[in-house]
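Okay, so the sequence shown: first residue is 1478 according to the working numbering, each after it adds one. Backbone N, C-alpha and C define an ideal beta-carbon position, used for all residues, glycine too. Worksheet: the structure to be examined is printed underneath.
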Amino acid sequence: MKFLVSFATLFGVGRLPWAPGTWGTLATLPLAALLMWAGPFYHMGVCVFLLPVTVWAAEAYERFHDTHDASAIVVDEVIGFLITMVWLPLTWQSLLLGFVLFRLLDVTKPFPIGYLDRKVPGGVGVIVDDVLAGIIANLVLQIIFTKTAWLGIQSLGGVS
């Protein structure tokens, strides 16, 4: 139980005093880059494995602290950002755009992200808005990188 509670905060990253979600996403950058380098099937495999683990960790944190969706829980940012970066080229541009777009969606919570954030209870409720933000960010980035490749703009990390 204590391991899951600690994992929910990414071993203390979520307890940093300012913008814990941003710190959690920043802490996930090296793992995202490693998985992007390893390839999309490994990347997806890790996401599929981590999804129920992050729900379990968020639920454990909520039970232990008798709270819902505390800002210290940052495993939702981990899974959300990893989903954001699936099937994208490993470039500094894709990592930067992915980071900014994911954080923008996670912070502003446009519909339906905000709706799910408010309506879904428990550990699933903690995780689902970030998963959806990651999916939306990924789709937007896929379009950006596909279009820039079609236009011959390689500086954005488009595929040749």
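Assignment of Lys1586 by DSSP, reduced to helix, strand and coil, places it in the coil class. For Phe1588, the closest C-alpha among the options Leu1565, Leu1574, Ile1613 is that of Ile1613. Assignment of Leu1567 by DSSP, reduced to helix, strand and coil, places it in the coil class. Cβ contact annotation for Gly1600 (same chain, cutoff 6 Å, sequence separation greater than five): Val1532, Ala1535, Glu1536, in chain order.
A Cβ-Cβ distance of about 10 Å is found for the pair Leu1616 and Leu1578, leaving them out of contact under the 8 Å criterion. The residues Pro1497, Trp1500, Gly1501, Ala1504, Val1551, in chain order, have a CB closer than 8 Å to that of Val1490 in the same chain once the five nearest residues on each side in sequence are set aside.
Sequence-distant Cβ neighbours of His1520 in its own chain, meaning closer than 6 Å and more than five residues away, are Leu1512, Val1563. At the C-beta level, Asp1546 and Gly1602 come within 9 Å of one another.
Residues Gly1491, Pro1497, Gly1498 of the same chain have their beta carbon placed closer than 8 Å to that of Ser1548, with the five preceding and five following residues left out of the count.
In the three-state reduction of the DSSP assignment, Ile1612 falls in the helix class, which pools H, G and I.
In terms of Cβ geometry, Leu1559 and Ile1590 do not form a close pair [threshold 9 Å].
Around the C-beta of Phe1526, fewer than 16 other C-beta atoms lie within 10 Å, and the residue is accordingly described as exposed.
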